[in-house]
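**Q** Sharing a structure here in structure tokens format.
Number of protein chains: 2
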Amino acid sequence: MDGLEAREVAYFVAVAEELNFSRAANRLGIAQPPLSRAVKQLERRLGVVLLERTSRRVTLTAAGQVLLNEGRRALDALAAAARRAQRAGQQDPRLVLVTKAVGDGGMLPEILAAYESEPDAIKVDVLFCGFGEQTVLLRSGVADVGLLHGRPDLTGLDFEDLLVEHQIAVLPARHRLAGRAAVTLADLDGEAMPRFAGMRHDGTEGPEVHDAGQLMQLIAMGRTTAILPESARGYLAGDLVCVPVLDAPPSTMMIAWPEQSRSPALATFVRAATDVAARRRVRCGPDSGYDGNQLRDS
Amino acid sequence: MDGLEAREVAYFVAVAEELNFSRAANRLGIAQPPLSRAVKQLERRLGVVLLERTSRRVTLTAAGQVLLNEGRRALDALAAAARRAQRAGQQDPRLVLVTKAVGDGGMLPEILAAYESEPDAIKVDVLFCGFGEQTVLLRSGVADVGLLHGRPDLTGLDFEDLLVEHQIAVLPARHRLAGRAAVTLADLDGEAMPRFAGMRHDGTEGPEVHDAGQLMQLIAMGRTTAILPESARGYLAGDLVCVPVLDAPPSTMMIAWPEQSRSPALATFVRAATDVAARRRVRCGPDSGYDGNQLRDS
DNA sequence: ACGAGCGATACCGTGGAGGTATGGATGGGC
DNA sequence: GCCCATCCATACCTCCACGGTATCGCTCGT
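From first to last, the protein sequence lines are chains H and U.
Oh and the first sequence: position 278 is 278 in my numbering, straight run, nothing missing.
Oh and the second sequence: position 103 is 1103 in my numbering, straight run, nothing missing.
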């Protein structure tokens, strides 16, 4: 009748992840017998068997699978609630913006300036992180708002598109295509492409990269190439060149924030960011993303 | 250090909703002193003041506001996890579909037939409910999948559009516009329109309706009129007539399900539904929703 | 000024969470 | 084939904390 206790669910999740009571108990910092009891009690309350235990192996039932998924989400939500309340509670409230190093489309300074000129602006902490970590930080309540690229998993987040950019290939200086004025995806067929950590896996093979520096280094070494939004141009290290990719799908940069957490500060910030993006779109023409570029006339 | 307990959060939410410890305690079925202590302990753990109490009035702090919002969501997620696990656990698994009485766009029988002809189909329970209850039932784990109309709040849900329909005005038989072959929104200006319970409030005034029967009755009584999707035609009671509304925005019917709960059965069902909708779109022409109608040539 | 309403405090009893010791089953090693 | 390691369940104990009752202190309405 009474709702579940978070502790019980956390215990179950630990067991379900380890598939081993002793290890799970160890991880939780408790002894194994209380853990066995707690899980059994959870099963009794739900009236459902969650784990099939032989004395040798633990496996998840269908119900267990469901509770593992949903329970994790619920626990995350609870932890995020706590963190957000804590952050909202301390005076001198901050807005934490998370982006990756080359992921701001070159608009970050402008967005920050626009927001800071708002009358009710509060301080903004900018947090740079590796690829794919943004959504995690947003969901967990560490960050309030993020600038994202690509097609990350956005469940639990609200978002708005900011900027559509054409894409460029980043190549080592002595690459066979480095001299070209433009290339197509067909030209790049067979090139190694990095897997961006945290992105939805799209089956491509290649080195896994976590931040822009790594990526640039790998490209300079000739170990991979990359297709990036036009705005990445400004971040190129010395030995790299970039070439427009004519037929690459445009890359969308968006601003995202935790679902339904529209605090006044957040709302103001989102509006400031979309305003900046709108101004930039007007300045650069309605159909294009980043500033005027040679794709327009092709 | 340790994560929050669900009980504490539930207690806090009750107090925050009532803004009165005694009433909240009563609602929770406990005495007032333990509730005071629990909330205070929660505040101590978070290191944040959630409630400003004078001995006369209780108000929420900013942090309290945040925890009220986020905590409610987290508790919902926890309860939903429990219910879904329970449902997944019982043998003879069912898929619970929720729709409102006139909300299926006339496709429900066809969708059910399509799904049931799938090799791995399981039993489908169809649950009819009042306007705006679908999203609640989906989020709370009572239902697995729903057919929705209008623009309900879809946070926490994934969805796919099924069908775009033109809209018709439903009028009492002796209404001044009842004889018209078609009307525009301007014609209907000033008419009473119902407020659909659970929809986002769009400022309209009028009686609040919870189900189709109520609505039809109110229309027949001349107390209100309504703009409904074309497919509602089939559900009209005796004394009502309907007239196409030429310039009403098309109404989108969609299928929605809890975020990230793509069980195999659900995935199959969603695919069956989208297939049916796709076939219908092809049958009726690419630009329109419900079957061919006089709007095409206007 | 007094009483009603409300939250905080003090104190107590019990249920349950967690610990230790141990049993019972299973599978791998020799 | 025997034995031991592994692993989950059971039994039993301890103690904290959750909930209850009684009461205080403050505040506002009359």
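Ideal Cβ positions, reconstructed from N, Cα and C, are used throughout, including at glycine.
1. Over the uninterrupted alpha helix (DSSP H) stretch that includes glycine 71 of chain H, give me the two end residues.
2. From what residue to what residue does the alpha helix (DSSP H) around arginine 1013 of chain U run?
3. Using a Cβ-Cβ cut-off of 9 Å, state whether threonine 61 of chain H counts as contacting chain U.
4. Glycine 1146 of chain U by DSSP, collapsed to three states: which one?
5. Between the Cα of alanine 81 of chain H and those of U:Ala1081, U:Ala1082, U:Leu1067, spot the shortest distance and give me the residue it belongs to.
6. Going by other Cβ atoms of all chains shown within 10 Å of its Cβ, with 16 needed for buried, is glutamate 118 of chain H buried or exposed?
7. With burial defined as no fewer than 16 other Cβ atoms inside 10 Å of the residue's Cβ, what is the status of serine 1231 of chain U: buried or exposed?
8. Would you identify the three-state DSSP class for threonine 155 of chain H, choosing helix, strand or coil?
9. Based on DSSP bridge pairs, tell me the residues matched to serine 1251 of chain U.
10. Using the Cβ count rule (16 or more neighbours within 10 Å means buried), how would you classify arginine 174 of chain H?
11. Specify whether the region 1246-1253 of chain U and the region 1137-1146 of chain U touch according to this definition: at least 3 beta carbon pairs, one from each stretch, less than 8 Å apart.
12. Answer with yes or no whether the minimum CB distance from serine 1261 of chain U to chain H is below 9 Å.
13. Closest to threonine 54 of chain H by CA distance: which of H:Ile122, H:Phe21, H:Leu78 is it?
14. Would you list the residues sitting across from isoleucine 1227 of chain U in a DSSP beta bridge?
15. The beta strand (DSSP E) that contains arginine 125 of chain H, what's its start and end?
16. Taking the beta carbon of tyrosine 290 of chain H as the centre, do at least 16 other beta carbons fall within 10 Å, making it buried, or is it exposed?
17. What residues in the region 1085-1112 of chain U bring their beta carbon closer than 9 Å to a beta carbon of chain H?
18. Would you say leucine 240 of chain H and alanine 220 of chain H are within 9 Å of each other, going by their C-beta atoms?
19. Leaving aside the five residues before and after arginine 1072 of chain U along the sequence, list all residues of the same chain whose C-beta is less than 8 Å from its C-beta, in chain order.
20. Which chain H residues are close to arginine 1007 of chain U, counting only those with a beta carbon under 9 Å from its beta carbon?
21. The region 1065-1084 of chain U: which residues have C-beta closer than 8 Å to a C-beta of chain H, in chain order?
22. Using only the alpha-carbon positions, how far apart do methionine 107 of chain H and valine 98 of chain H sit?
23. If you run the structure through DSSP and keep just helix, strand and coil, what is glutamate 118 of chain H?
24. Could you name the residues that DSSP lists as bridge partners for glutamate 1160 of chain U?
25. Which of the three DSSP states, helix, strand or coil, is assigned to glycine 1292 of chain U?
26. Is the Cβ-Cβ distance between glycine 190 of chain H and proline 258 of chain H less than 9 Å?
27. Go ahead and label glutamine 1090 of chain U buried or exposed: buried means 16 or more other beta carbons lie within 10 angstroms of its beta carbon, across all protein chains shown.
28. Have a look at leucine 1051 of chain U and glutamine 1065 of chain U and give me their C-alpha separation to the nearest angstrom.
29. Could one say the Cβ of alanine 1016 of chain U lies closer than 9 Å to chain H's Cβ atoms, at least one of them?
30. Any idea if glutamate 1160 of chain U is buried or exposed, counting beta-carbon neighbours within 10 angstroms, 16 or more meaning buried?
31. Ordered along the chain, which non-local residues of its own chain (more than five positions away) have a Cβ less than 7 Å from that of alanine 192 of chain H?
32. Hey, leucine 95 of chain H and leucine 246 of chain H are a contact pair by Cβ (cut 8 Å); roughly how many whole angstroms apart?
**A** This is what the structure gives:
1. 62-89
2. This sequence places valine at residue 1013 of chain U; arginine is not what is there. Element bounds for valine 1013 of chain U: 1006-1018.
3. yes
4. In the three-state DSSP reduction, glycine 1146 of chain U falls in the strand class (E or B).
5. U:Leu1067
6. With fewer than 16 neighbouring CB atoms inside 10 Å of its own CB, glutamate 118 of chain H falls in the exposed class.
7. buried
8. Assignment of threonine 155 of chain H by DSSP, reduced to helix, strand and coil, places it in the coil class.
9. U:Glu1165
10. exposed
11. no
12. yes
13. H:Phe21
14. DSSP lists U:Ala1169 as partners of isoleucine 1227 of chain U.
15. It should be pointed out that residue 125 of chain H corresponds to aspartate in this sequence rather than to arginine. Per DSSP, the continuous beta strand (DSSP E) segment holding aspartate 125 of chain H begins and ends at 123-129.
16. Note that tyrosine 290 of chain H has pLDDT 41, beneath the 50 cutoff, so the model's placement of it is unreliable and no number is given.
17. Ala1085, Gln1086, Arg1087, Ala1088, Gly1089, Gln1090, Pro1093
18. yes
19. Val1013
20. Asp2, Gly3, Glu5, Ala6
21. Gln1065, Val1066, Leu1067, Asn1069, Glu1070, Gly1071, Arg1073, Ala1074, Leu1075, Ala1077, Leu1078, Ala1079, Ala1080, Ala1081, Ala1082, Arg1084
22. 14 Å
23. coil
24. U:Ile1255
25. Because the pLDDT of glycine 1292 of chain U is 38, which lies under 50, any placement of that residue in the model is unreliable, and the number read from its coordinates should be weighed accordingly. It is coil, neither helix nor strand.
26. At a Cβ-Cβ threshold of 9 Å, glycine 190 of chain H and proline 258 of chain H do not count as neighbours.
27. exposed
28. Going by the C-alpha atoms only, they are around 9 Å apart.
29. No, alanine 1016 of chain U lies away from the interface with chain H (no Cβ there is under 9 Å from its Cβ).
30. exposed
31. These residues qualify, in order along the chain: Gly206, Arg223, Thr224, Thr225.
32. At roughly 39 Å, the Cβ-Cβ gap does not stay under 8 Å, so leucine 95 of chain H and leucine 246 of chain H are not in contact.
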